[in-house]
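Asker:
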Amino acid sequence: MQEPKNRDKKIVIITIVLLICVSALSLVTPAISKKPDKTDRELPNSEATDDLGIETYWDSKCTIRVSSIDWGALEPGTNKTVTLFIKNKGKTPVTLSYYVANCEPFEITNWLTLAWDYTGQSIKFKEVIQVVFDLYTSENADPMETFSFDIIIVETQ
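Quick note on numbering: our numbering labels position 100 of the sequence shown as 100, and the sequence is numbered without any gaps.
1. If you run the structure through DSSP and keep just helix, strand and coil, what is residue 75?
2. When the distance is taken between beta carbons, is residue 116 closer than 7 Å to residue 138?
3. Within a Cβ cutoff of 7 Å, which residues of the same chain sit near residue 91, ignoring the five residues on either side of it in sequence?
4. How should residue 87 be labelled, buried or exposed, when 16 other C-beta atoms within 10 angstroms of its C-beta is the threshold for buried?
5. Distance, Cα to Cα, residue 55 vs residue 65?
6. Going by DSSP, which residues form a beta bridge with residue 134?
7. Which two residues bound the contiguous beta strand (DSSP E) that contains residue 54?
8. So which of 62, 58, 154 and 79 has the shortest CA-CA distance to residue 120?
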(Lines of atoms letter the chains of each structure in order from A and count residues from 1; the text may use other names and numbers.)
(Lines give C-alpha, C1' and ligand atoms only; values in the text may rest on other atoms or scores of the structure.)
Protein backbone atom coordinates (compact mmCIF):
# COMPACT_ATOMS: atom_id res chain seq x y z
CA MET A 1 0.00 0.00 0.00
CA GLN A 2 1.28 3.47 -0.95
CA GLU A 3 1.90 6.07 1.64
CA PRO A 4 -0.71 8.86 1.54
CA LYS A 5 2.00 11.49 1.16
CA ASN A 6 3.52 9.88 -1.98
CA ARG A 7 0.06 9.25 -3.47
CA ASP A 8 -0.93 12.89 -2.92
CA LYS A 9 2.39 14.04 -4.42
CA LYS A 10 1.78 11.91 -7.57
CA ILE A 11 -1.75 13.27 -7.92
CA VAL A 12 -0.46 16.85 -7.69
CA ILE A 13 2.26 16.17 -10.28
CA ILE A 14 -0.20 14.49 -12.67
CA THR A 15 -2.63 17.38 -12.23
CA ILE A 16 0.10 19.92 -12.99
CA VAL A 17 1.18 17.99 -16.10
CA LEU A 18 -2.43 17.81 -17.33
CA LEU A 19 -2.91 21.54 -16.75
CA ILE A 20 0.26 22.29 -18.71
CA CYS A 21 -0.94 20.06 -21.59
CA VAL A 22 -4.38 21.72 -21.67
CA SER A 23 -2.77 25.17 -21.58
CA ALA A 24 -0.39 24.26 -24.38
CA LEU A 25 -3.25 22.93 -26.51
CA SER A 26 -5.27 26.09 -25.98
CA LEU A 27 -2.30 28.13 -27.23
CA VAL A 28 -1.47 25.87 -30.18
CA THR A 29 -5.01 25.22 -31.50
CA PRO A 30 -5.68 28.82 -32.68
CA ALA A 31 -2.28 28.93 -34.37
CA ILE A 32 -2.97 25.68 -36.21
CA SER A 33 -6.48 26.65 -37.28
CA LYS A 34 -5.53 30.21 -38.33
CA LYS A 35 -5.63 30.76 -42.09
CA PRO A 36 -2.13 31.48 -43.41
CA ASP A 37 -1.52 34.96 -44.81
CA LYS A 38 0.82 33.67 -47.52
CA THR A 39 0.20 31.25 -50.35
CA ASP A 40 2.72 29.90 -52.83
CA ARG A 41 2.04 29.57 -56.56
CA GLU A 42 4.54 27.33 -58.29
CA LEU A 43 5.35 27.70 -61.98
CA PRO A 44 7.37 24.63 -62.86
CA ASN A 45 9.12 24.28 -66.17
CA SER A 46 7.46 20.93 -66.76
CA GLU A 47 4.06 20.50 -65.11
CA ALA A 48 0.92 22.41 -64.14
CA THR A 49 -0.15 23.11 -60.57
CA ASP A 50 -3.31 24.67 -59.19
CA ASP A 51 -3.09 27.49 -56.71
CA LEU A 52 -5.14 28.98 -53.92
CA GLY A 53 -5.53 32.67 -54.75
CA ILE A 54 -3.76 33.62 -57.95
CA GLU A 55 -3.67 32.16 -61.43
CA THR A 56 -1.15 32.74 -64.21
CA TYR A 57 -2.08 33.06 -67.87
CA TRP A 58 -0.42 33.64 -71.24
CA ASP A 59 -3.06 36.16 -72.33
CA SER A 60 -4.68 39.26 -70.82
CA LYS A 61 -8.19 37.78 -71.17
CA CYS A 62 -7.11 34.91 -68.90
CA THR A 63 -8.11 32.10 -71.25
CA ILE A 64 -4.81 30.19 -71.57
CA ARG A 65 -3.38 29.00 -68.23
CA VAL A 66 0.38 28.76 -67.81
CA SER A 67 1.40 25.20 -67.06
CA SER A 68 5.10 25.58 -67.80
CA ILE A 69 7.59 27.98 -69.35
CA ASP A 70 9.88 26.86 -72.16
CA TRP A 71 12.90 29.17 -72.12
CA GLY A 72 14.51 27.36 -75.05
CA ALA A 73 18.28 27.06 -75.48
CA LEU A 74 20.36 29.81 -73.85
CA GLU A 75 23.59 31.26 -75.16
CA PRO A 76 26.13 32.97 -72.86
CA GLY A 77 25.47 36.69 -72.37
CA THR A 78 21.87 36.58 -73.64
CA ASN A 79 18.50 37.00 -72.04
CA LYS A 80 15.01 35.63 -72.64
CA THR A 81 11.80 37.47 -71.79
CA VAL A 82 8.43 35.93 -70.94
CA THR A 83 5.23 37.93 -70.39
CA LEU A 84 2.60 36.47 -68.08
CA PHE A 85 -0.71 37.72 -66.72
CA ILE A 86 -1.50 37.11 -63.07
CA LYS A 87 -5.09 37.16 -61.83
CA ASN A 88 -6.10 37.46 -58.19
CA LYS A 89 -8.99 35.06 -57.75
CA GLY A 90 -8.95 35.42 -53.96
CA LYS A 91 -11.39 37.69 -52.15
CA THR A 92 -8.73 39.95 -50.61
CA PRO A 93 -6.04 42.14 -52.18
CA VAL A 94 -2.58 40.56 -52.37
CA THR A 95 0.99 41.51 -53.11
CA LEU A 96 3.45 39.15 -54.74
CA SER A 97 7.02 37.99 -54.40
CA TYR A 98 8.83 35.06 -55.98
CA TYR A 99 11.76 32.74 -55.54
CA VAL A 100 13.37 30.01 -57.62
CA ALA A 101 13.55 26.36 -56.52
CA ASN A 102 14.42 22.89 -57.84
CA CYS A 103 17.24 24.01 -60.14
CA GLU A 104 18.50 21.23 -62.42
CA PRO A 105 21.40 21.10 -62.75
CA PHE A 106 22.07 23.00 -59.54
CA GLU A 107 25.01 24.83 -61.16
CA ILE A 108 22.64 26.95 -63.25
CA THR A 109 22.26 29.17 -60.19
CA ASN A 110 25.82 30.36 -60.94
CA TRP A 111 24.97 31.41 -64.51
CA LEU A 112 21.31 32.39 -64.61
CA THR A 113 19.57 35.38 -63.03
CA LEU A 114 15.79 35.76 -63.04
CA ALA A 115 14.13 39.15 -62.57
CA TRP A 116 10.63 40.56 -63.02
CA ASP A 117 9.07 43.98 -63.48
CA TYR A 118 6.41 43.64 -60.76
CA THR A 119 6.70 46.66 -58.45
CA GLY A 120 4.83 45.45 -55.36
CA GLN A 121 1.46 47.04 -56.05
CA SER A 122 -1.62 45.55 -54.38
CA ILE A 123 -3.68 43.33 -56.69
CA LYS A 124 -7.43 43.51 -56.03
CA PHE A 125 -10.00 40.71 -56.31
CA LYS A 126 -10.38 39.65 -59.98
CA GLU A 127 -7.70 42.15 -61.08
CA VAL A 128 -5.27 41.01 -63.76
CA ILE A 129 -1.74 42.41 -64.02
CA GLN A 130 0.95 41.90 -66.62
CA VAL A 131 4.30 40.67 -65.33
CA VAL A 132 7.45 40.33 -67.42
CA PHE A 133 10.11 37.82 -66.35
CA ASP A 134 13.65 38.23 -67.72
CA LEU A 135 16.10 35.35 -67.58
CA TYR A 136 19.69 36.55 -67.93
CA THR A 137 22.58 34.26 -68.83
CA SER A 138 26.09 35.04 -67.62
CA GLU A 139 28.82 35.74 -70.18
CA ASN A 140 30.83 32.94 -68.52
CA ALA A 141 28.10 30.31 -68.85
CA ASP A 142 28.39 27.30 -71.07
CA PRO A 143 25.64 27.10 -73.71
CA MET A 144 22.61 25.42 -72.09
CA GLU A 145 20.00 23.40 -73.86
CA THR A 146 18.66 21.34 -70.98
CA PHE A 147 17.87 22.88 -67.62
CA SER A 148 14.88 23.39 -65.37
CA PHE A 149 13.76 25.33 -62.34
CA ASP A 150 10.50 26.31 -60.69
CA ILE A 151 9.34 29.87 -60.14
CA ILE A 152 7.43 30.02 -56.86
CA ILE A 153 5.12 33.05 -56.74
CA VAL A 154 4.16 33.90 -53.17
CA GLU A 155 1.04 35.92 -52.49
CA THR A 156 0.72 37.89 -49.27
CA GLN A 157 -2.65 39.17 -48.09
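The C-beta atom is built at its ideal place from N, Cα and C for all residues, glycine as well. Remember, it's a predicted structure, so these values are computed and weren't measured experimentally.
Answerer: Quick answer:
1. DSSP places residue 75 in the coil class of the three-state scheme, outside both helix and strand.
2. no
3. 125
4. By the neighbour-count rule (16 or more Cβ atoms within 10 Å), residue 87 is buried.
5. 8 Å
6. 81 and 115
7. 54 to 57
8. 154
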